[in-house]
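S.K.: If you scroll down you'll find the structure; I have some questions about it.
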Amino acid sequence: MKILLVEDNERVARFVAKGLRASGHAVDRADNGRDGMSLAARSPYDTIILDRMLPGGIDGLAVIESLRKSGSRTPILILSALSDVDERIRGLRGGGDDYLTKPFAFGELLARLDALARRTPAAGTTPTGLTVGDLHMDLLSRRVTRGERAVLVLPREFKLLEYLMRHEGQVVTRAMLLENVWEYDFDPQTNVVDVHISRLRQKIELESETPLLHTVRNAGYRMGAGD
Amino acid sequence: MIRSSALTLSIGYVLLGIVALSLFAMPLWYAWHVFVDGGRAELVQEDAQRLAGIFYTRGPDGLAKIIAQRVELQIANERLLLLTDPSLKPLAGNLNEWPKGVPEPGAYTSVSISVSGRPIRAALVRTELPGGYNLLVGRDLARLQPLETRFWYGLATAVGMFALMGLAGGLLVRRTVLARIERINETAMRIVQGELSHRLPLGRRDDEFDKLSRIINQMLDQIEQLVHGVRNVSNSIAHDLRTPLTELRSRLEEVAVLRPSNEEMLAEVEAAVADVDRVIGIFNALLRLAKIDAGAGHSAFIEVDAADAAAKAVEFYQPSAELKGIRLTFDEKGRAPILCDPVLLAQAIGNLIDNALKFTPEEGKVAVETRRREDGAVEITVADNGPGIPEAEKPKVVERFYRGDASRGTPGVGLGLSLVGAVARLHVGSLDFFDNRPGLRARMVLFGIA
Chain A
1 MKILLVEDNE
11 RVARFVAKGL
21 RASGHAVDRA
31 DNGRDGMSLA
41 ARSPYDTIIL
51 DRMLPGGIDG
61 LAVIESLRKS
71 GSRTPILILS
81 ALSDVDERIR
91 GLRGGGDDYL
101 TKPFAFGELL
111 ARLDALARRT
121 PAAGTTPTGL
131 TVGDLHMDLL
141 SRRVTRGERA
151 VLVLPREFKL
161 LEYLMRHEGQ
171 VVTRAMLLEN
181 VWEYDFDPQT
191 NVVDVHISRL
201 RQKIELESET
211 PLLHTVRNAG
221 YRMGAGD
Chain B
228 MIRSSALTLS
238 IGYVLLGIVA
248 LSLFAMPLWY
258 AWHVFVDGGR
268 AELVQEDAQR
278 LAGIFYTRGP
288 DGLAKIIAQR
298 VELQIANERL
308 LLLTDPSLKP
318 LAGNLNEWPK
328 GVPEPGAYTS
338 VSISVSGRPI
348 RAALVRTELP
358 GGYNLLVGRD
368 LARLQPLETR
378 FWYGLATAVG
388 MFALMGLAGG
398 LLVRRTVLAR
408 IERINETAMR
418 IVQGELSHRL
428 PLGRRDDEFD
438 KLSRIINQML
448 DQIEQLVHGV
458 RNVSNSIAHD
468 LRTPLTELRS
478 RLEEVAVLRP
488 SNEEMLAEVE
498 AAVADVDRVI
508 GIFNALLRLA
518 KIDAGAGHSA
528 FIEVDAADAA
538 AKAVEFYQPS
548 AELKGIRLTF
558 DEKGRAPILC
568 DPVLLAQAIG
578 NLIDNALKFT
588 PEEGKVAVET
598 RRREDGAVEI
608 TVADNGPGIP
618 EAEKPKVVER
628 FYRGDASRGT
638 PGVGLGLSLV
648 GAVARLHVGS
658 LDFFDNRPGL
668 RARMVLFGIA
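From first to last, the protein sequence lines stand for chains A and B. Mapping to this note's numbering: the first sequence position 155 is 155, numbers consecutive. Mapping to this note's numbering: the second sequence position 375 is 602, numbers consecutive.
Okay, here's the thing in structure tokens:
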């Protein structure tokens, strides 16, 4: 994946670029809004990581605005030290696709980037159903089956499972689950998400069945048939 | 001399009093004058006519005789009488010569005349009699002089007294006022120098100064409380951040000194990251609290059903409750719409439930209830049957970083209930704790802000 990183803090930029390259991505760097804009205009990127506050008069929001005006639909992840919900809403309304508050864990950044870049449906996705391995979710009848076995899930568990299955093969963080499944824009500072996941796991993975819902250390969870 | 408003005010009042006094005296003076003048003119004219009558019946000699008699009888020298022949040579009367400055015949006038070189003011009537004789009848106005003088003296004395008493009163007021202001100043100066516990003295009169002092004292109470709050918060921040930072430091130092194997090193680094995350978590919570306490974010207020929010939170925490064997129930008593910040509302309810779950023993009960009151406020109650909070600790639990005895060994830094309290305050509400016999019943009341 080809990623543009617009970040003025040299240390953060180097850390992020290094990590992204280690994960197999190509990274171009700019340290101000003007350079960022000209880079984005010159060559197409799969995603843009953009710092909210940039030196030189053109801040992150201005960059997003001009990119969106010129018709670019490249997914943009905003990085910001401003953690307010208001700021977050402003960034997303301005045309950003996701928002991450500094300081952040690199795993969180990587997971969100993957989610942004792969907005095209995963392999087993049809308009009426989702499939991961032998786990199938019928979106119309809202029924879940594993092989021949029916899996009974509560409405919120259905939503959680749906989100995980839609992001098959990707790492999904706890914060992403909180935002997308429960619409909680804050950190409840407890392990409640883990408890939800372990309950869901008990339902979709009997002892004799192969694991589908994997825990990724220091990051979150990943749904997938293999590994 | 110090510029004093009390003195300026009293001088102003004295001047005003003098003007009022003059306004009262002047018309009186004028009316009296007119009255006296009129009466005198009549008398003088009557006199002149009667004497002229005598002249017609008895001739010049007869009149001269009468005038001579009258002059002899007269005690005071106030009445002026003079009869002259056509050459203005005196025939009879109490004037030795025809005075200078006598007006034309007929009219009554008051003029200054000169009698044997002595000027006097007199009211005169001059009558021309047949044969060129001249008759002069008049009154010496000097007789009225003492009366006038006395009037002016009276007025002057009144004005003087008024001015004197007014100024004395002003000075007195100024002295008492200044004394009290001086006391306020002294206290204020001490407070400025950092002695925040000082309070203004209160009198027993309950006058304006006491009212002012009381309000200032209330203000000082509030400031003192805020300052103490800030001091406590700084101390707590210092303390609560020092612990994870110390751990982090020693961890890193140990790694640097011991140079463990790669695998151990990795574990240490991960632990160090966790330490940093803890510090970041505390920072974020504090920033959020500060933001809420600054009262910002009213613009984000939308109408939300608190019952829905509570139901969602209960559902969210249900697995955790079940894991601990706690029965978490939600009792909805109808819709509870409220104008609020939805994120903060959700977080506040979450914190209350989280708190209850943390302190309730296994097989316990946590009951959540939402209710819309008749006055439009919304009550969200979370009741548990855990150990509860001792009465003395209740006011403290919403303080930042406060952790009661029961919270030893539980996770958390003591900011959860502070946030609930701050959210309640932002929504003009309150957070109260009651005894659930046994356990704790936390009640958050929110008022929607229209």
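Using N, Cα and C, we set each Cβ at its ideal position, and we do this for glycine too.
What does P546/B reach in chain A if we use C-beta pairs closer than 9 Å?
M.R.: Here residue 546/B refers to the residue found at position 319 of the second sequence. Ordered by position in chain A, the residues that pass the 9 Å Cβ test against P546/B are V192, V195, H196, S198 and R199.
S.K.: Secondary structure at N663/B, three-state DSSP: helix, strand or coil?
M.R.: Along the second sequence, one-based indexing puts residue 663/B at 436. Note: N663/B maps to coil in three-state DSSP.
S.K.: Can you pull the chain A neighbours of G508/B, defined as C-beta to C-beta under 8 Å?
M.R.: For the purposes of this step, residue 508/B is taken as the residue at position 281 of the second sequence. D187 and Q189, listed in chain order.
S.K.: Given that a residue counts as buried once 16 or more other Cβ atoms are within 10 Å of its Cβ, and exposed if not, what is A677/B?
M.R.: Against the second sequence, residue 677/B aligns to sequence position 450. Note that A677/B scores a pLDDT of 48, beneath 50, so its modelled location is shaky and nothing firm can be said.
S.K.: Taking three-plus beta-carbon pairs below 8 Å as touching, is the segment 589-609 of chain B in contact with the segment 556-571 of chain B?
M.R.: yes
S.K.: Measure from the C-beta of V85/A to each C-beta in chain B and report whether the shortest distance is under 7 Å.
M.R.: Here the question's residue 85/A lines up with position 85 in the first sequence. True, the Cβ-Cβ gap to chain B drops below 7 Å.
S.K.: Comparing the C-beta of A543/B with each C-beta of chain A, is any distance below 7 Å?
M.R.: Here the question's residue 543/B lines up with position 316 in the second sequence. In the sequence on display, residue 543/B carries Phe and not Ala. It does; some Cβ of chain A falls within 7 Å.
S.K.: What residue range does the alpha helix (DSSP H) around T403/B cover?
M.R.: Working through the second sequence from its first residue, we reach residue 403/B at position 176. First-last of the alpha helix (DSSP H) with T403/B: Q372 to V419.
S.K.: In this structure, what does DSSP give as the bridge partners for N361/B?
M.R.: Reading the second sequence from its first residue, position 134 is the one you call residue 361/B. Looking at the DSSP assignment, N361/B forms a beta bridge with T311/B and E355/B.
S.K.: Is any beta-carbon of chain A found at less than 7 Å from that of V454/B?
M.R.: The residue given as residue 454/B occupies position 227 in the second sequence. So no, V454/B is outside the interface.
S.K.: Using 7 Å as the limit for Cβ to Cβ distance, is L236/B near chain A?
M.R.: Taking the first residue of the second sequence as 1, we reach residue 236/B at position 9. L236/B does not count as touching chain A.
S.K.: Quick one: is D611/B near chain A, going by C-beta distance under 7 Å?
M.R.: What you label residue 611/B is simply residue 384 of the second sequence in a count that begins at 1. So, not an interface residue.
S.K.: For A563/B, name the three-state secondary structure that DSSP assigns.
M.R.: Position 336 of the second sequence holds residue 563/B. The answer is coil: DSSP assigns A563/B none of H, G, I, E or B.
S.K.: Is DSSP giving A319/B helix, strand or coil here?
M.R.: Against the second sequence, residue 319/B aligns to sequence position 92. In the structure shown, A319/B sits in a strand (DSSP, three-state: E or B).
S.K.: Would you kindly work out how many angstroms separate the C-alpha atoms of Y45/A and R21/A, rounded to a whole number?
M.R.: Start at 1 with the first residue of the first sequence, and residue 45/A comes out as number 45. Start at 1 with the first residue of the first sequence, and residue 21/A comes out as number 21. When rounded, the distance between both Cα atoms is 15 Å.
S.K.: Whole angstroms is fine: what's the gap from D678/B's alpha carbon to L242/B's?
M.R.: Missing from the structure shown is residue 678/B; chain B here goes from 228 to 677 and no further.
S.K.: In three-state terms, what does DSSP make of R217/A?
M.R.: Residue 217/A sits at position 217 when you count from the first residue of the first sequence. Residue state, collapsed to three classes: coil.
S.K.: Let me check one thing: in DSSP terms, what residues is I48/A bridge-paired to?
M.R.: Your numbering for residue 48/A matches position 48 in the first sequence. Answer is L4/A and I76/A.
S.K.: D581/B versus chain A: which residues are under 7 Å apart at the beta carbon?
M.R.: In the second sequence, the residue the question calls residue 581/B occupies position 354. Under the 7 Å cutoff, chain A gives P188 and T190.
S.K.: For M137/A, which three-state DSSP category applies?
M.R.: On the first sequence, position 137 is the one that residue 137/A refers to. If DSSP states are grouped into helix, strand and coil, M137/A belongs with the strands.
S.K.: Classify R222/A as buried or exposed, calling it buried when 16 or more other Cβ atoms lie within 10 Å of its own Cβ.
M.R.: What you label residue 222/A is simply residue 222 of the first sequence in a count that begins at 1. The residue in question, R222/A, is buried, as its Cβ has 16 or more Cβ neighbours within 10 Å.
S.K.: Kindly say whether Q574/B, judged by its beta-carbon, lies nearer than 7 Å to any beta-carbon of chain A.
M.R.: The count along the second sequence starts at 1 and reaches residue 574/B at position 347. By this cut-off, Q574/B is an interface position.
S.K.: Expressed to the nearest angstrom, what Euclidean distance is found between the alpha-carbon atoms of T210/A and L177/A?
M.R.: Within the first sequence, numbered from 1, the residue matching residue 210/A stands at position 210. Within the first sequence, numbered from 1, the residue matching residue 177/A stands at position 177. Those two C-alpha atoms are separated by around 23 Å.
S.K.: Using a beta-carbon distance below 7 Å, is A677/B in contact with chain A?
M.R.: Numbered from 1 along the second sequence, position 450 holds the residue referred to as residue 677/B. Note that A677/B scores 48 on pLDDT, short of 50, meaning its location in the model is unreliable; the coordinates nonetheless yield the value given after this. Not closer than 7 Å to any Cβ of chain A, the Cβ of A677/B fails to qualify, so no.
S.K.: Mapping the DSSP letters down to three states, classify D504/B as helix, strand or coil.
M.R.: Looking up residue 504/B in the second sequence gives position 277. Helix.
S.K.: Since A354/B and A268/B should fall inside the 8 Å C-beta cutoff, what is the C-beta to C-beta distance between them, to a whole number of angstroms?
M.R.: The residue you call residue 354/B lines up with position 127 of the second sequence. The residue you call residue 268/B lines up with position 41 of the second sequence. The sequence as given places Thr at residue 354/B; Ala does not occur at that position. In fact, because the Cβ distance is near 14 Å, the residues do not count as touching under 8 Å.
S.K.: Going by the DSSP bridge assignment, what does V531/B pair with across the sheet?
M.R.: Indexing the second sequence from 1 puts residue 531/B at position 304. Bridge partners of V531/B: I565/B.
S.K.: Is it true that the CB of A350/B sits closer than 7 Å to the CB of I340/B?
M.R.: Along the second sequence, one-based indexing puts residue 340/B at 113. Along the second sequence, one-based indexing puts residue 350/B at 123. No, these two residues do not count as a Cβ contact at 7 Å.
S.K.: Between R402/B and F436/B, is the Cβ-Cβ spacing less than 7 Å?
M.R.: By one-based count along the second sequence, residue 402/B stands at place 175. By one-based count along the second sequence, residue 436/B stands at place 209. Taking 7 Å as the Cβ cut-off, R402/B and F436/B do not qualify as a contacting pair.
S.K.: In this structure, how does DSSP classify Y184/A when only helix, strand and coil are distinguished?
M.R.: Working through the first sequence from its first residue, we reach residue 184/A at position 184. Coil.
S.K.: Identify the continuous beta strand (DSSP E) that holds K159/A and give its terminal residues.
M.R.: Working through the first sequence from its first residue, we reach residue 159/A at position 159. Careful: K159/A lies outside any beta strand (DSSP E), inside the alpha helix (DSSP H) at P155 to R166.
S.K.: Check whether chain A comes within 7 Å of G577/B, counting only Cβ atoms and requiring the distance to be less than that.
M.R.: As a working note, residue 577/B is residue 350 in the second sequence. Interface criterion met: the Cβ of G577/B is under 7 Å from a Cβ in chain A.
S.K.: What do you reckon, are the CB atoms on R599/B and A563/B nearer than 7 Å?
M.R.: Residue 599/B sits at position 372 when you count from the first residue of the second sequence. Residue 563/B sits at position 336 when you count from the first residue of the second sequence. Yes.
S.K.: Any beta carbon of chain A sitting closer than 7 Å to that of L447/B?
M.R.: The residue you call residue 447/B lines up with position 220 of the second sequence. Closer than 7 Å: no.
S.K.: In angstroms with no decimal places, state the Cα-to-Cα distance between L82/A and K159/A.
M.R.: Within the first sequence, residue 82/A is the residue found at index 82, counting from 1. Within the first sequence, residue 159/A is the residue found at index 159, counting from 1. Near 30 Å, if we compare the C-alpha coordinates of K159/A and L82/A.
S.K.: Using the C-alpha atoms, what's the distance from Y163/A back to R112/A?
M.R.: In the first sequence, residue 112/A corresponds to position 112, counting from 1. In the first sequence, residue 163/A corresponds to position 163, counting from 1. Those two C-alpha atoms are separated by around 13 Å.
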